[in-house]
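Quick note: the sequence shown uses numbering that gives the first Met the number 0, first residue 0, plus one each step.
For every residue, glycine included, the Cβ atom is placed at its ideal position computed from N, Cα and C.
What you are looking at is a predicted structure, and each value in this text was computed from that prediction instead of being measured.
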Amino acid sequence: MTTILTTREDINLSSVFRVAWKKDTVQISGKALQRIAESRASFLRLIETDPVPVIYGVTTAMGELASRRLELGERDRHARIKAFAAATSFGEPLPDRVVRAIVLARLTNFLEGNAATTPRMALAVAAMLDGGPMPMVPSCGQGGAGEILALYPLFAELSTRFDLEIKERGSLINGSPCAAAGRCRLGGAPSRSPCRKGLCAFDRSVSRAARTLRSGARRALGR
């Protein structure tokens, strides 16, 4: 079966169960793709304003060079750096269902335009759930900043297919989809008793977080 994704509310415990455990495919709706494109266009206008806003990894370099501002001509070159699996994580690979849940969780940042990524990248990430083999993500040594030590190997191969544009790489490797997927795994698969093992509390916490993020985005954009 195919799970249709239009907003982040479509990614919940039921859809995680279907996609990660039952291996349903996903499809991003036309409405969501339009929203992603519109949000990206708004973001690109923002970084062309004067004075240029400070946005990590977009108008600045990354890591220890984050204090360095990028000139206009440097941004595209910086964006094309691939998300190669240069991380030092190790150990047994995460179960396939957990990796699928991470990929699905990654899409929550895309569907409402929050990641300012491109429609093509959103479609490419969704296509990772079409039934093919998942990338190997090591289960140990995840001690780096954020979740990049897991997300680098997860999305490295995908990034090689594109001449990356501004914000595309960051939309793949930043954020915390691994933590969200791990919490689903700890909660267990949904059953007839949806409150079993704290599932209801997790569902409510996801909804609260989504509302908070949307409210903050609207304030930032003056809406």
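Would you say L103 and S14 are within 9 Å of each other, going by their C-beta atoms? yes
Assuming E91 is part of the beta strand (DSSP E), what are its boundary residues? F89 to P92
Beta-carbon proximity check, A224 vs E167, cutoff 9 Å: This structure does not reach residue 224, given that the chain is present from 0 up to 222, and the question cannot be answered.
Distance between R68 and A60 (C-alpha atoms, nearest Å): 7 Å
For S138 and R160, what's the separation of their Cα atoms in angstroms? 25 Å
In this structure, how does DSSP classify V136 when only helix, strand and coil are distinguished? Coil at V136, not helix or strand.
State whether the region 36-53 contacts the region 148-158, with contact taken as three or more CB pairs (one from each stretch) at a distance under 8 Å. no
Return the bridge partner residues of I165 from the DSSP annotation. Beta-bridge pairing links I165 to no other residue.
Output the distance between the C-alpha atoms of R191 and F42, rounded to the nearest integer angstrom. Residue placement at R191 cannot be trusted, given a pLDDT of 39 that sits under 50; the coordinates are not used to answer.
Excluding five sequence neighbours on each side, which residues of the same chain lie with their C-beta closer than 8 Å to the C-beta of R34? Cβ within range, chain order: L110, E111 and G112.
By how many angstroms is the C-alpha of V124 removed from the C-alpha of I165? 17 Å
Segment limits, beta strand (DSSP E) that includes I27: T24 to I27
T1 and D9 closer than 9 Å at C-beta: no
I need the straight-line Cα distance from V57 to D129, nearest angstrom please. Taken atom to atom, the span from the alpha-carbon of V57 to that of D129 is near 31 Å.
Within a Cβ cutoff of 6 Å, which residues of the same chain sit near G29, ignoring the five residues on either side of it in sequence? none
Kindly list the residues whose CB is nearer than 7 Å to the CB of G72, restricted to its own chain and excluding five residues on each side of it in sequence; keep chain order. Around G72: no qualifying Cβ.
Less than 9 Å between the C-beta atoms of A19 and R96, yes or no? yes
Buried or exposed, going by whether 16 or more other CB atoms sit within 10 Å of the CB of R133? Residue 133 is actually Met in this sequence, not Arg. M133 is buried by the Cβ-count criterion.
So what does DSSP say about G197, is it helix, strand or coil? Summary for G197: the model assigns pLDDT 39, below 50, so the residue's position carries little reliability; its value from the coordinates is reported in the next sentence. Reduced to three states, the DSSP call for G197 is helix.
Near L171, what residues of its chain come up, given a Cβ to Cβ distance below 7 Å and the 5 sequence neighbours on each side ignored? A82, L150, F154 and S158
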